[in-house]
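Enquirer: All letters in the sequence shown, in the order written, are residues 1 to 194 by my numbering. For every residue, glycine included, the Cβ atom is placed at its ideal position computed from N, Cα and C. Got a structure here, written out as structure tokens. Questions coming.
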Amino acid sequence: MNIVFFGPPGAGKGTQAHRLEDNYNLKHLSSGEILREVISTGGNLGQEIKDLLDKGQLAPDEIIIKMVSERIRHHDCSQGVIFDGFPRTVTQARALDDILADCNSRVDIAIELEVDEAQMIERIRSRIRESGDDVRHDDNEQTLKNRLAVYRRQTAPVLPYYVDKGLLHRIDGMQSIEDVTNDIKRVIRENVTG
Ligand code: AP5
Ligand code: MG
Numbered sequence: 001m002n003i004v005f006f007g008p009p010g011a012g013k014g015t016q017a018h019r020l021e022d023n024y025n026l027k028h029l030s031s032g033e034i035l036r037e038v039i040s041t042g043g044n045l046g047q048e049i050k051d052l053l054d055k056g057q058l059a060p061d062e063i064i065i066k067m068v069s070e071r072i073r074h075h076d077c078s079q080g081v082i083f084d085g086f087p088r089t090v091t092q093a094r095a096l097d098d099i100l101a102d103c104n105s106r107v108d109i110a111i112e113l114e115v116d117e118a119q120m121i122e123r124i125r126s127r128i129r130e131s132g133d134d135v136r137h138d139d140n141e142q143t144l145k146n147r148l149a150v151y152r153r154q155t156a157p158v159l160p161y162y163v164d165k166g167l168l169h170r171i172d173g174m175q176s177i178e179d180v181t182n183d184i185k186r187v188i189r190e191n192v193t194g
């Protein structure tokens with residue numbers, strides 16, 4: 001089973017993907033984490049990606065598509081993947097279909113976590129407070145505004161792609177973490193695993 005998570009910064013994509021991966025024996029793949037790993041290795045590519053992420057802009061499609069494509073061929077993805085933050089453009093969504101088709105697989109369900117802007121800002125503020133010295137470079141008020149604008153402009157238009165395929169389910173991400181998990185499990189039960 002392959003699941004795609006959508007939602008603005010702070011919607012709870014990472015939190016929920018982490019809670020679900022063991023339950024369904026899936027691999028949680030965060031495209032943001034993949035990019036942050038590249039940044040930590042340095043070099044020209046790392047610097048290029050850092051400059052984009054620090055501004056809240058997306059990494060180029062061809063770069064992230066290549067990275068995700070290589071990553072999901074690893075053995076630990078063979079039972080399926082929870083995609084957290086990928087695809088973020090329609091080009092990426094089409095590429096993901098092609099990559100999975102190559103492995104005789106497909107996206108089984110897409111889940112959008114809906115959270116209002118005030119809650120999103122509050123959650124990122126508390127993550128900044130809790131992260132101490134390990135605070136994410138892009139977790140600051142200005143970059144957060146850009147990340148949200150980029151989500152609306154470039155990622156929200158991907159949602160109709162999954163609506164057209166009958167795969168998109170919207171979940172109220174304003175509930176408690178536990179209640180969001182339970183809603184996601186119900187949607188998976190009703191639509192994928194039976
Ligand atoms: P990414 O790492 O994906 O960041 P993001 O989308 O901005 O989302 P966050 O990780 O901030 O939020 P989340 O939804 O995971 O929430 P979380 O669970 O942490 O991407 C970073 C950057 O990389 C992008 O801006 C872009 O530049 C680049 N990038 C990534 N993917 C790309 C792609 N495909 N193409 C091109 N560029 C790409 O929760 C947030 C906080 O809230 C936590 O503290 C958590 O404990 C708390 N929380 C969660 N759920 C609840 C709840 N229900 N109630 C109360 N608190 C909650
Ligand atoms: Mg995340």
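Could you give the first and the last residue of the continuous alpha helix (DSSP H) run that contains residue 49?
Expert: Note, residue 49: alpha helix (DSSP H), 43-54.
Enquirer: For residue 133, which three-state DSSP category applies?
Expert: Of the three classes helix, strand and coil, the one that applies to residue 133 here is helix, per DSSP.
Enquirer: Ignore the nearest five residues each way along the sequence and tell me which others in residue 138's own chain have a CB closer than 8 Å to its CB.
Expert: Here the set comprises 53, 54, 56, 144, 147.
Enquirer: Quick one: which unbroken alpha helix (DSSP H) runs of 4-plus residues sit fully inside the segment 45-124? Chain order, please.
Expert: Counting whole runs of 4 or more residues, the segment 45-124 contains the alpha helix (DSSP H) stretches 61-71, 90-102.
Enquirer: Does the Cβ of residue 15 lie closer than 7 Å to at least one heavy atom of the ligand GDP?
Expert: This structure lacks the ligand GDP; the ligands present are the ligand AP5 and the ligand MG.
Enquirer: I'd like to know whether the C-beta atoms of residue 4 and residue 107 end up nearer to each other than 8 Å.
Expert: Cβ distance < 8 Å, so residue 4 and residue 107 count as in contact.
Enquirer: What first and last residue would you give for the beta strand (DSSP E) that runs through residue 165?
Expert: Where residue 165 is concerned, there is no enclosing beta strand (DSSP E), given that its DSSP letter is neither H nor E.
Enquirer: In whole angstroms, give me the CA-to-CA distance for residue 174 and residue 184.
Expert: Whole-angstrom Cα-Cα distance: 13 Å.
Enquirer: Per DSSP, what kind of secondary structure is residue 176 in: helix, strand or coil?
Expert: Residue state, collapsed to three classes: coil.
Enquirer: I'd like the span of the alpha helix (DSSP H) that includes residue 158, first residue to last.
Expert: Residue 158 -> no alpha helix (DSSP H), and no H or E assigned at all.
Enquirer: Span of the alpha helix (DSSP H) holding residue 4?
Expert: Segment 3-6 is the beta strand (DSSP E) holding residue 4; no alpha helix (DSSP H) there.
Enquirer: Looking at the unbroken beta strand (DSSP E) that takes in residue 29, where does it start and where does it end?
Expert: Element bounds for residue 29: 27-30.
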